[in-house]
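**Student:** Here it is, the structure in full.
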Ligand SMILES: NC(=O)c1ccc[n+]([C@@H]2O[C@H](COP(=O)([O-])OP(=O)(O)OC[C@H]3O[C@@H](n4cnc5c(N)ncnc54)[C@H](O)[C@@H]3O)[C@@H](O)[C@H]2O)c1
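In our numbering, the protein residues as written are 342 to 659.
Right under this line is the structure:
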């Protein structure tokens with residue numbers, strides 16, 4: 342990274358200002374970065390600043406910032422009209438465009454062309470390999486994964502991973518930057534489809550959808566079972582802490598009996614395909630595994646955020 346004059350703020354860009362981009366931009370601004378935001382959709386980057394300002398109220402509730410800080414933080418966000426303008430002179434770029442390899446490759450080719458050669462280029466991809474994304478870059482050694490989790494301003498973990506050509510220094514800088522923001526970077530040794538969090542999440546979801554498909558239990562019942570059991574322990578124990586405290590010998594016995602029966606399908610689950618074929622694409626369509634009214638969506642997300650805020654307060658204040 343370049344040397345800055347005393348008092349000069351570090352600079353970052355966020356490219357792609359949808360569900361993820363505005364929260365990432367807020368976290369960077371909170372951490373003292375001047376953030377330029379670019380989105381291919383006209384007006385989207387400006388909208389992202391409004392959304393970031395709204396999200397800041399969650400950070401006040403979590404005790405992360407004071408109400409008096411918000412104006413200053415939001416003043417560090419700027420909507421710009423092109424990728425070239427976004428990356429001009431920045432130390433780091435966080436890409437959060439659509440999950441589509443062709444789009445990401447095109448965006449990274451432009452980032453590679455317009456950014457300084459020492460600018461870190463970090464992708465928020467949920468599943469695509471960094472080596473593929475960086476395939477059109479002249480300097481792939483500065484490209485890595487920085488995978489934030491929705492909603493990025495309230496979830497501490499950010500997964501970091503290298504591609505085949507990523508320099509070790511890129512990973513160190515990405516981790517240091519995220520730590521400086523108070524995030525919990527989890528650094529993987531290599532790239533792999535879905536990285537860590539989505540591999541775990543989708544392993545559980547594959548089994549859950551299979552059980553719905555077999556008629557063993559409904560989606561509502563499975564969610565109730567998860568929320569009232571394993572999800573209650575996870576905030577304290579995670580997975581391996583749970584296994585240790587339950588007794589590894591017991592878990593070995595269960596694995597021996599159960600593992601052959603667990604779903605190992607390689608296609609998307611039938612109940613998911615059926616939902617999509619019948620137009621039930623999730624909360625924004627009004628139907629997914631549940632029926633959703635607009636009020637349901639906003640009240641559910643409100644309750645989710647309230648719980649995430651409570652957990653952030655526990656992290657900070659015990
Ligand atoms: N939504 C999630 O829960 C989640 C969680 C973690 C990671 N991600 C990843 O983050 C990325 C973004 O996801 P999202 O949910 O924010 O998507 P989104 O559709 O809400 O936002 C993507 C934004 O990228 C913009 N865009 C598309 N092509 C562009 C281009 N060429 N240049 C600039 N902007 C462009 C779109 O206009 C849109 O505003 C994806 O890679 C996704 O897999 C999503």
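Glycine is no exception: its CB is placed at the ideal position from the N, C-alpha and C atoms. Predicted model only: the values in this text are computed from it and were never measured.
With respect to 7 Å, is the separation between the Cβ of residue 465 and the closest non-hydrogen atom of ligand 1 below this value?
**Tutor:** Checking every heavy atom of ligand 1 against the Cβ of residue 465, one is found closer than 7 Å.
**Student:** Is residue 464 buried or exposed, if buried means 16 or more other CB atoms sit within 10 Å of its CB?
**Tutor:** Buried, by the Cβ-count rule.
**Student:** Short of 6 Å in beta carbon distance, which residues of its chain neighbour residue 458, apart from the five on each side in sequence? Order them along the chain.
**Tutor:** The answer, listed in chain order, is 480.
**Student:** For residue 377, count neighbouring Cβ atoms within 10 angstroms of its own Cβ and tell me buried if that reaches 16, exposed if not.
**Tutor:** Its Cβ being crowded by 16 or more others within 10 Å, residue 377 is buried.
**Student:** Quick one: Cα of residue 430 to Cα of residue 352, how far?
**Tutor:** The straight-line gap from Cα to Cα measures roughly 7 Å.
**Student:** Grab me the residues of residue 628's own chain with a C-beta within less than 6 Å of its C-beta, minus the 5 sequence neighbours each way, in chain order.
**Tutor:** Same-chain partners within the cutoff: 621.
**Student:** Specify whether the stretch 571 to 581 and the stretch 625 to 639 touch according to this definition: at least 3 beta carbon pairs, one from each stretch, less than 8 Å apart.
**Tutor:** Verdict: no, contact absent.
**Student:** Tell me the DSSP secondary structure of residue 449 in three-state form.
**Tutor:** DSSP places residue 449 in helix when its eight states are reduced to three.
**Student:** At a cut of 8 Å, does the stretch 447 to 461 reach the stretch 408 to 428 through at least three beta carbon pairs?
**Tutor:** Contact holds: three or more Cβ-Cβ distances are below 8 Å.
**Student:** Please name the residue, chosen from 468, 487, 349, 374, that lies closest to residue 513 on a Cα-to-Cα basis.
**Tutor:** Of the candidates 468, 487, 349, 374, the one whose C-alpha sits nearest the C-alpha of residue 513 is 487.
**Student:** Measuring alpha carbon to alpha carbon, tell me which residue in 433, 470, 473 is nearest residue 460.
**Tutor:** Measuring from the Cα of residue 460, the nearest candidate turns out to be 433.
**Student:** Rounded to whole angstroms, what's the CA-CA distance from residue 544 to residue 553? Just pull it up for me.
**Tutor:** The straight-line gap from Cα to Cα measures roughly 15 Å.
**Student:** In whole angstroms, what is the alpha-carbon distance linking residue 401 and residue 408?
**Tutor:** Roughly 6 Å between the two C-alpha positions.
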